[in-house]
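With the first letter of the sequence shown counted as 1, position 6 gets the number 5 in numbering that gives the first Met the number 0; the numbers rise by one all the way through.
From the three backbone atoms N, C-alpha and C, an ideal C-beta is built for every residue, glycine too.
Read through the structure below, which is laid out as structure tokens, and then see the notes.
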Amino acid sequence: MPHEMEVALTEKWAETFKNKGIGFYSMHPGWAETPGVAKSLPSLSKRLPGNLRTSEEGADTVIWLALQPKEKLVSGAFYFDRAEAPKHLMFSATGGSHVLIDSVVDSLRSLSTLSS
Numbered sequence: 000m001p002h003e004m005e006v007a008l009t010e011k012w013a014e015t016f017k018n019k020g021i022g023f024y025s026m027h028p029g030w031a032e033t034p035g036v037a038k039s040l041p042s043l044s045k046r047l048p049g050n051l052r053t054s055e056e057g058a059d060t061v062i063w064l065a066l067q068p069k070e071k072l073v074s075g076a077f078y079f080d081r082a083e084a085p086k087h088l089m090f091s092a093t094g095g096s097h098v099l100i101d102s103v104v105d106s107l108r109s110l111s112t113l114s115s
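Here it is, written out as structure tokens:
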């Protein structure tokens, strides 16, 4: 699933379940030197040898998020390096369509027992 869709779904679920005491968060691990990055983005690995994060560095924010009390976090927010970060880059056209997001949620709901 594309990163932008994950961010949009996080926002949607945060809004949908805001009164149920459940927090939803998205994050970016940074570019880590992993077999997956080497295979899917070989030019990145070759251009930046030794400058990519380790797997441990890439996992830092997601582990930090899992350990934080929900009162310290913003449901629906996007995190990078243990801090809330902008969700959409300027000039990158990463804003999502509500119709598309609703369609994805409907598809996921039909595949699961999820209810709102």
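So residue i is in the alpha helix (DSSP H); what residue range does that whole segment cover?
i, result
"His27", "That residue, His27, is in no alpha helix (DSSP H); its beta strand (DSSP E) goes Ser25 to His27."
"Leu8", "His2 to Thr15"
"Asp105", "His97 to Leu110"
"Gly22", "Element bounds for Gly22: n/a, residue is neither H nor E."
"Lys38", "Pro34 to Ser39"
What separation, rounded to the nearest whole angstrom, lies between the Cα atoms of residue i and residue j?
i, j, result
"Leu66", "Glu32", "24 Å"
"Ser111", "Phe79", "30 Å"
"Lys38", "His87", "26 Å"
"Phe23", "Glu5", "11 Å"
"Asp101", "Ala7", "10 Å"
"Lys71", "Thr60", "14 Å"
"Pro48", "Ala58", "19 Å"
"Glu3", "Lys45", "26 Å"
"Pro34", "Leu107", "29 Å"
Is the beta carbon of residue i sitting closer than 8 Å to the one on residue j?
i, j, result
"Lys11", "Val104", "yes"
"Glu83", "Val73", "yes"
"Gly29", "Glu56", "yes"
"Trp63", "Arg81", "yes"
"Phe77", "Ser25", "yes"
"Thr15", "Gly75", "no"
Comparing the C-beta of residue i with each C-beta of chain B, is any distance below 8 Å?
i, result
"Asp80", "Among the protein chains of the structure shown there is no chain B, as only one such chain exists."
Counting only runs that start and end within the segment 46–83, where is the alpha helix (DSSP H) found for 4 or more residues in a row? 54–66
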